[in-house]
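See structure below.
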Amino acid sequence: MPCTVGRGGVTAQKREGDGATPAGLHRIAQCWYRPDRLPAPAPWARPIGPGDLWCDDPADPGYNLHRRAPLRASHEALRRPDPLYDVLLVIDWNWPKPLAGRGSAIFLHQWRRPGFATAGCIAVARADLLHLAAHAAPGTRLLVPPAIPRFSHARRGAVVTKV
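Read in order, the letters of the sequence shown are residues 1 to 163 in the UniProt record's numbering.
The following block contains the structure:
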């Protein structure tokens with residue numbers, strides 16, 4: 001399955017804001033979806049509401065955790081106007097007991113288009129994401145090798161590979 005990773009490539013030394021995807025053997029921890037746009041992709045999927053956020057501020061006690069609005073700390077809104085987070089799988093990188101600065105909001109989500117880098121997440125085509133969400137369970141393993149081959153159609157520093 002083709003995928004893209006972070007604009008910083010893949011690293012074994014993930015840091016907040018580096019734009020890299022963390023290498024290693026990870027697990028799928030949670031599944032979230034937009035109930036106003038599609039049905040639950042799996043029985044364990046959680047609906048994304050207007051106030052659902054993910055904290056990316058290393059100084060905040062809720063760093064790299066789901067939070068609810070209002071939140072003064074830096075965060076990502078899980079409910080986006082574009083379809084990138086219509087379904088997202090939370091990867092257990094630096095979760096559920098995060099260490100400040102080790103990276104946050106590492107998700108498996110829909111890509112903008114093939115070859116368009118993420119901020120550190122793994123992104124795939126919508127159909128592939130829906131398939132993964134429907135067939136994966138909490139704890140499903142996800143291997144991100146330290147070196148991923150680049151394909152010729154990758155742009156903007158992205159890596160496109162197959163998982």
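Just so you know, even glycine gets a beta-carbon here, dropped at the ideal spot from N, CA and C. Keep in mind it's a predicted model, so treat the numbers as computed, not measured.
Segment contact: the stretch 75 to 88 against the stretch 31 to 49, three or more CB-CB distances shorter than 8 Å; contact assigned. D56 has its alpha-carbon roughly 7 Å from the corresponding atom of E76. The three-state secondary structure of D52, taken from DSSP, is strand.
Membership of R15 in any alpha helix (DSSP H) is not indicated, and neither H nor E is assigned to it by DSSP. When P58, L132, H135 and A73 are compared, the shortest CA-CA separation from G101 is found for P58. Taking 4 residues as the minimum length, the alpha helix (DSSP H) runs contained wholly in the stretch 75 to 158 are 126 to 135, in order along the chain. Beyond the five residues adjoining it in sequence on each side, A136 comes within less than 6 Å, by CB distance, of I28 in the same chain, given in chain order. Of the other Cβ atoms in all chains shown, 16 or more fall within 10 Å of the Cβ of R67; this residue is therefore buried. Beyond the five residues adjoining it in sequence on each side, V10 comes within less than 8 Å, by CB distance, of A20, T21, P22, A23, V144, P145, P146, A147, I148 and V159 in the same chain, given in chain order.
Buried is the label assigned to G120, since at least 16 other Cβ atoms lie within 10 Å of its Cβ.
Taking a C-beta distance under 9 Å as the contact criterion, R46 and W32 qualify as a contact pair. Counted as a single uninterrupted DSSP element, the stretch harbouring G62 is not any beta strand (DSSP E), since DSSP gives it neither H nor E. Excluding the 5 residues flanking it on each side, A123 has same chain C-beta neighbours closer than 6 Å at T4, H109 and W111, in chain order. For P47, the beta-bridge partners assigned by DSSP are Y33. Within its own chain, the residues whose Cβ lies closer than 7 Å to the Cβ of S74, once the five positions on either side in sequence are excluded, are D56 and D57, listed in chain order. For P2, the enclosing beta strand (DSSP E) stretches over residues P2 to T4. When secondary structure is reduced to three states using DSSP, L38 falls in the coil class, being assigned neither helix nor strand.
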